[in-house]
Amino acid sequence: MNWLLSYSKYNKSLQGFYDSFDSEFVELQTKFRDILQKEDDLNEIVQLVGKDALAETDKIVLETARLIKDDFLQQNAFTPYDKFCPLYKSVGMMRNIVTFNRLANDCIERNLLAHRMGKDQAKGGVMKNRINFQVIKQRLGDLIYRLSTQKFEDPTQGEKDIMAKYDQLNKELRDAFEEINLEYNA
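Take -10 as the starting number for the sequence shown in my numbering and just add one per residue.
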C-alpha cells in the first residue's frame, strides 16, 4: 500500500464533524501526511548515502514515519484492540505521535541554537552537551516503546480510561523532553 496515495474523498464533507469532535483532528491528519511525504523524499537520500548522513531532524522524521506506518496505520482485525478503532482512540494516538515529533525537533533545534550562542560567548570554545537523535532514543526508549504500543489499548475499556492513559503518556513525553532540554541546554 502506498501511504501517500491512500486518502478519503470525504474529508471536506466531514470537516464539520471533525471540528466538533476534536478541533485538532484535521491538523493532526495533515501533519501525519506531511511526515509521510518527507519520509518518502528522504528514502531516496537514505538509499544513496545512508541513514547516518541525515540531519538529526530528518532522523526524527524517519522514526515518526515508522511509528505512523507500523504502529498506527497497521491493523489486525482479529484482535480485540484493533478490530475497531473509535475516533477518540485514533486522535489520542495521533496527538501523542505528533507531540513526540514536535518535541524531538524542538529539542534538537534548541540545542543547536544553544551551541551557536555558547560557542560565540565562549571565545571559540566548544560546548560539550551536543544532543542528537541517538540521545533522544536512549533517554526516551521506554516512552517511544509506549508510543509504539498505545494501539494495544482495548476500546472496551472505555473512552475515559484510554484517554487518561494517552494523556498521561503525553505528559510524560513533555516532562522527559523538558528534562533533556534542561540538562543539555543549561
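Note that CB positions come from ideal geometry on N, CA and C, so glycine has one too.
If distances are taken between C-alpha atoms only, which option among the options comes closest to residue i?
| i | options | result |
| --- | --- | --- |
| L56 | E33, L171, L25, T46 | L25 |
| S12 | A93, Y77, E33 | Y77 |
| L101 | I151, D59, N121, K27 | N121 |
| K154 | M82, R91, N90, T46 | M82 |
| N124 | D59, E172, N0 | It is Val, not Asn, that sits at residue 124 in the sequence shown. When each option's Cα is compared against that of V124, the closest is E172. |
| I169 | K126, K48, Y134 | K126 |
| V87 | G5, L132, Q18, E167 | Q18 |
| F21 | D60, M152, R119 | D60 |
| K58 | V35, E33, A66, E28 | E28 |
| D143 | V35, A66, Y134, S9 | A66 |
Might you give, ordered along the chain, the residues of its own chain that have their beta carbon closer than 8 Å to the beta carbon of residue i, omitting 5 neighbours on each side?
| i | result |
| --- | --- |
| T145 | P69 |
| E98 | T46 |
| A111 | Residue placement at A111 is flagged as unreliable, the pLDDT there being 46, under the threshold of 50; the coordinate-derived value follows with that caveat. Answer for A111: no residue qualifies. |
| N85 | L136, Q139, Y155, L158, N159, L162 |
| L31 | L43, D47, V50, L51 |
Could you give the distance in angstroms between the alpha-carbon of residue i and the alpha-carbon of residue j?
| i | j | result |
| --- | --- | --- |
| N174 | D150 | 36 Å |
| L129 | A165 | 7 Å |
| A103 | Q64 | 42 Å |
| T53 | K1 | 26 Å |
| K160 | F14 | 19 Å |
| F141 | E148 | 14 Å |
| E167 | Y7 | 31 Å |
| D95 | L132 | 17 Å |
| R119 | D23 | 27 Å |
| L62 | S79 | 10 Å |
Apart from the five residues on each side of it in sequence, which residues of its chain come closer than 6 Å, Cβ to Cβ, to residue i?
| i | result |
| --- | --- |
| D109 | Here D109 scores only 48 on pLDDT, less than 50, and its place in the model is too uncertain to base an answer on. |
Checklist entry - Would you call the segment 33 to 41 and the segment 68 to 83 touching, i.e. three or more CB-CB distances under 8 Å? => result no
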